[in-house]
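There are 2 protein chains.
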Amino acid sequence: MRPKLNDVAREAGVSSTTVSRVINNHGYLSEKTKDKVFEAMKKLNYQPNSIARSLHGKQTNLIGVLFSSVSNPFFGELVEKIENKFFKLGYKTILCNSADNKEKERVYLNMLIANQVDGIIAGAHNLGIKEYEKAGLPIISFDRYLSDTIPIVSSDNYQGAVLATQELYQNGAKSIYLFASSQTPNSPTDKRRTGYLETMAHLNLPAHEKVISSSMASNVKALLIKQILTTESIDGIFCTDDLTALIVLRQAKELGLRVPQDLKVIGYDGTQLIQNYHPELTTVAQPINDMAELLVELLLQRIENKKSDLKHHYILPVKLIRNPSSSQFC
Amino acid sequence: MRPKLNDVAREAGVSSTTVSRVINNHGYLSEKTKDKVFEAMKKLNYQPNSIARSLHGKQTNLIGVLFSSVSNPFFGELVEKIENKFFKLGYKTILCNSADNKEKERVYLNMLIANQVDGIIAGAHNLGIKEYEKAGLPIISFDRYLSDTIPIVSSDNYQGAVLATQELYQNGAKSIYLFASSQTPNSPTDKRRTGYLETMAHLNLPAHEKVISSSMASNVKALLIKQILTTESIDGIFCTDDLTALIVLRQAKELGLRVPQDLKVIGYDGTQLIQNYHPELTTVAQPINDMAELLVELLLQRIENKKSDLKHHYILPVKLIRNPSSSQFC
DNA sequence: TATTTTATGACGCACGATTGACATATTATA
DNA sequence: TATAATATGTCAATCGTGCGTCATAAAATA
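From first to last, the protein sequence lines are chains A and B. For what it's worth, full-length UniProt numbering labels the leading residue of the first sequence as 1, then goes sequentially. For what it's worth, full-length UniProt numbering labels the leading residue of the second sequence as 1, then goes sequentially.
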């Protein structure tokens with residue numbers, strides 16, 4: 001049996017009240033008793049039961065972090081940053097991978113409520129608004145509209161798409177395609193789409209969109225992309241995520257297309273993984289660290305002061321990362 | 001205020017005892033009252049407070065999952081699988097990224113104890129054995145020895161190294177190097193090292209080891225690797241992780257070395273990410289899903305039956321994944 | 001009709017820690 | 001010395017649920 005507060009009291013030869021006071025640094029305490037208590041705690045290897053504390057007080061210091069999948073490097077890196085920052089502030093992170101499954105997301109949400117988490121970072125969005133609202137918890141959303149009262153943190157998807165499209169154009173591409181990973185309105189990809197479309201219109205170039213669904217297996221993606229590359233006349237592609245861009249590069253290579261001479265490719269996300277292991281890929285980097293920082297900060301503000309009025313949408317700037325070796329693509 | 005059991009009772013017009021009975025399906029209950037109660041629960045959007053339940057009962061249904069970093073794709077994929085499997089069984093996962101920081105790992109461990117987790121999957125190992133032992137909790141270790149009482153799950157690191165080395169040899173490599181990501185005894189990398197060394201000895205070939213520390217920044221790694229490739233005469237490299245292998249491939253390309261004619265490279269881990277986006281890399285794939293499955297299953301056995309005698313070491317088979325396009329490397 | 005089974009309520013303790021109200025010492029200060 | 005500040009103890013309530021014990025009543029069965 002794990003030692004309890006009373007055991008520590010007995011060991012230290014003081015009352016349980018005193019032990020509690022020492023732990024919470026509450027009221028008058030002499031150095032002597034403090035030392036005695038700490039020593040007893042150490043000797044018994046005592047850890048206050050935070051379940052019991054949570055039941056009494058209000059906070060559990062638990063945060064629910066809900067994303068579709070940490071095996072996607074972008075989310076993996078984001079979640080890691082979030083987890084780190086919360087940890088430094090004394091919060092623990094319950095990880096939830098919804099796998100883009102509505103039912104799973106609902107069950108997770110209820111579980112988080114049942115576990116009295118202090119707040120939620122929502123990065124998986126298949127549920128309706130109501131479900132999140134009825135949670136009655138501080139929530140910050142990553143990159144998607146949930147409701148008018150739930151703040152959103154995202155990078156500047158629109159501007160990122162503009163940058164990407166312009167970059168392709170300025171490097172000589174004329175037949176520029178968009179390879180989008182989804183078609184959901186309200187999704188970040190959709191704003192990237194808008195940015196692309198408007199830039200193309202501005203440049204008086206015809207837009208071409210292809211959906212490379214993120215739910216497809218990568219070999220299916222590869223096949224589809226290969227087919228598109230052979231059928232259509234393309235000299236520039238803006239992929240709404242880096243992993244798709246990698247497939248494009250590979251298929252282009254297999255088809256004997258020279259990059260960047262014949263085909264220019266630009267990705268999106270700019271994870272550390274891509275920057276480290278695929279520096280050849282020009283990409284629009286989201287400020288993963290800054291976004292994590294802001295998500296955490298805003299959620300804490302909401303937790304500490306429910307009515308603190310936050311802006312509804314926080315948009316952080318993106319950064320174009322060019323292939324370092326010359327100004328070329330790939 | 002979140003509704004409590006009493007509120008549901010009032011709403012349903014029954015006693016709180018009855019509500020508790022309905023929730024826990026305990027004792028005699030008529031369909032009528034059950035329905036009334038469920039309806040009231042739905043109406044009030046009631047979720048039993050699992051904090052309170054945990055305090056009363058024994059289990060919290062929380063599992064601590066302690067790894068160094070989920071932003072590493074291998075751990076990301078493993079953690080995701082683990083989380084999924086636990087979720088299906090009604091357990092929640094507290095994610096801890098120790099970042100290979102001893103102090104952080106210790107704080108995390110204490111935090112998990114304080115939170116009364118039912119058990120721990122330990123995949124970050126910088127602490128001494130004692131700290132884990134004094135936790136007095138069911139623990140299963142991933143890939144490293146912690147103590148005689150803590151079971152280990154790992155893939156067959158030795159055999160994987162043998163396979164890798166033999167593969168290089170059978171494809172004509174004679175001057176085969178080991179690029180190891182660390183030098184820690186007891187670590188999985190060390191068993192891969194042993195496998196390499198013994199195979200080389202068996203083949204009557206001289207062994208060459210280089211440490212490419214995982215703590216190095218990737219551009220530093222790249223520089224170091226480039227330097228090794230230019231200085232030494234190498235025609236085969238066994239990297240103890242895939243990401244390092246990717247750097248090797250890139251540097252080889254930059255140096256004009258033809259792969260696989262001039263240099264054969266083989267990696268280790270075989271994540272879905274690598275298989276999907278770098279099918280050209282021959283690698284030794286660890287059975288990520290099976291390992292996750294086993295870790296979860298063993299921990300649950302320990303939780304349900306403390307004294308259940310498990311084997312001390314479970315070694316799962318690895319699989320060589322060759323570049324599908326012909327039998328070539330890269 | 002007598003007895004068992006089924007269905008519900010009322011009550012209270014337990015889980016482990018926090019906290020406030022009071023009481024009582026021991027020091028320190030006026 | 002009288003008063004205040006400091007230091008500790010006792011006691012009890014509280015957080016939300018689970019569950020055992022009793023009691024009671026209706027329905028089902030003997």
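All residues carry an ideal CB built from backbone N, CA and C; glycine is no exception.
Is the Cβ-Cβ distance between residue i and residue j less than 9 Å?
| i | j | result |
| --- | --- | --- |
| residue 186 of chain A | residue 250 of chain A | no |
| residue 189 of chain A | residue 240 of chain A | yes |
| residue 267 of chain B | residue 173 of chain B | no |
| residue 194 of chain B | residue 158 of chain B | yes |
| residue 124 of chain A | residue 103 of chain A | no |
| residue 116 of chain A | residue 62 of chain A | yes |
| residue 10 of chain A | residue 47 of chain A | no |
| residue 119 of chain B | residue 299 of chain B | yes |
| residue 81 of chain A | residue 288 of chain A | yes |
| residue 246 of chain A | residue 281 of chain A | yes |
| residue 126 of chain B | residue 101 of chain B | yes |
| residue 131 of chain A | residue 149 of chain A | no |
| residue 176 of chain A | residue 238 of chain A | yes |
| residue 286 of chain A | residue 316 of chain A | yes |
By the 10 Å Cβ neighbour count, where 16 or more other Cβ atoms means buried, how is residue i classified, buried or exposed?
| i | result |
| --- | --- |
| residue 344 of chain A | Because chain A is modelled from 1 through 330, residue 344 of chain A falls outside the range shown and cannot be assessed. |
| residue 108 of chain B | buried |
| residue 202 of chain A | exposed |
| residue 244 of chain B | buried |
| residue 215 of chain A | exposed |
| residue 291 of chain B | buried |
| residue 220 of chain B | exposed |
| residue 330 of chain B | With a pLDDT of only 44 at residue 330 of chain B, under the threshold of 50, the placement of this residue in the model should not be trusted; the figure read from the coordinates follows. Looking at its Cβ environment, which holds 16 or more other Cβ atoms inside 10 Å, residue 330 of chain B is buried. |
| residue 151 of chain B | buried |
| residue 165 of chain A | buried |
| residue 156 of chain B | buried |
| residue 112 of chain A | buried |
| residue 254 of chain B | exposed |
| residue 269 of chain B | buried |
| residue 31 of chain A | exposed |
| residue 89 of chain B | exposed |
| residue 278 of chain B | buried |
| residue 242 of chain A | buried |
| residue 191 of chain A | buried |
| residue 83 of chain A | buried |
| residue 232 of chain B | exposed |
| residue 136 of chain B | exposed |
| residue 326 of chain A | Because the pLDDT at residue 326 of chain A is just 42, under 50, the model does not fix this residue reliably, and the value given afterwards should be weighed accordingly. By the neighbour-count rule (16 or more Cβ atoms within 10 Å), residue 326 of chain A is not buried but exposed. |
| residue 183 of chain B | exposed |
| residue 42 of chain B | exposed |
| residue 27 of chain A | exposed |
What is the C-beta distance between residue i and residue j, in whole angstroms, given that I count them as a contact (C-beta under 8 Å)?
| i | j | result |
| --- | --- | --- |
| residue 153 of chain B | residue 44 of chain B | Actually they do not touch by this definition, with Cβ atoms about 43 Å apart. |
| residue 212 of chain A | residue 225 of chain A | 7 Å |
| residue 121 of chain B | residue 66 of chain B | 7 Å |
| residue 16 of chain B | residue 29 of chain B | At roughly 14 Å, the Cβ-Cβ gap does not stay under 8 Å, so residue 16 of chain B and residue 29 of chain B are not in contact. |
| residue 160 of chain B | residue 248 of chain B | That belief does not hold up - the Cβ atoms of residue 160 of chain B and residue 248 of chain B are roughly 18 Å apart, past 8 Å. |
| residue 20 of chain B | residue 114 of chain A | Not a contact, Cβ separation roughly 15 Å. |
| residue 223 of chain B | residue 252 of chain B | With a Cβ gap of about 14 Å, residue 223 of chain B and residue 252 of chain B do not count as contacting. |
| residue 180 of chain A | residue 198 of chain A | Between residue 198 of chain A and residue 180 of chain A the Cβ distance is about 15 Å, and since that is not below 8 Å, they are no contact. |
Would you say residue i touches the ligand HEM, meaning its beta carbon is less than 8 Å from a heavy atom?
| i | result |
| --- | --- |
| residue 150 of chain B | Within the structure as shown, the ligand HEM is missing, as the structure has no ligands at all. |
Quick check: the stretch 42-55 of chain B against the stretch 68-83 of chain B, are at least 3 beta-carbon pairs closer than 8 Å?
Using a Cβ-Cβ distance cut-off of 8 Å, the stretch 68-83 of chain B and the stretch 42-55 of chain B are not in contact, since fewer than three pairs of beta carbons, one from each stretch, lie closer than that value.
Enumerated in chain order, which unbroken segments of the beta strand (DSSP E) with a length of 3 residues or greater are wholly contained in the stretch 200-248 of chain A?
Listed in chain order, the beta strand (DSSP E) runs fully inside the stretch 200-248 of chain A are 208-211, 236-239, counting runs of at least 3 residues.
Curious, which full-length alpha helix (DSSP H) runs of at least 4 residues does the stretch 139-198 of chain B contain?
Segments of the alpha helix (DSSP H) lying fully in the stretch 139-198 of chain B: 157-170.
Say whether the stretch 66-74 of chain A touches the stretch 96-103 of chain A, bearing in mind that this needs 3 or more beta-carbon pairs closer than 8 Å, one atom from each stretch.
Here the stretch 66-74 of chain A makes contact with the stretch 96-103 of chain A; the two share three or more CB pairs at distances below 8 Å.
For the 8 Å Cβ check, are there 3 or more pairs between the stretch 295-313 of chain B and the stretch 256-267 of chain B?
Here the stretch 295-313 of chain B makes no contact with the stretch 256-267 of chain B; the two share fewer than three CB pairs at distances below 8 Å.
Is the number of C-beta pairs between the stretch 29-40 of chain B and the stretch 315-322 of chain A that are closer than 8 Å three or more?
As far as the Cβ criterion goes, the stretch 29-40 of chain B does not touch the stretch 315-322 of chain A, which means the pair count is below three.
Residue ranges of each alpha helix (DSSP H) within the stretch 87-143 of chain A, 4 or longer:
Complete alpha helix (DSSP H) runs here, min 4: 102-114, 129-133.
Can you list the beta strand (DSSP E) stretches of 3 or more residues lying completely in the stretch 244-310 of chain A, in chain order?
Listed in chain order, they are 264-269, 282-285.
Mind pulling the alpha helix (DSSP H) runs of 4 or more residues that sit fully within the UniProt domain "HTH lacI-type" (3-57) of chain A?
Given a length threshold of 4 residues, each whole run of the alpha helix (DSSP H) inside the UniProt domain "HTH lacI-type" (3-57) of chain A is given here in chain order: 5-12, 16-24, 31-44, 50-56.
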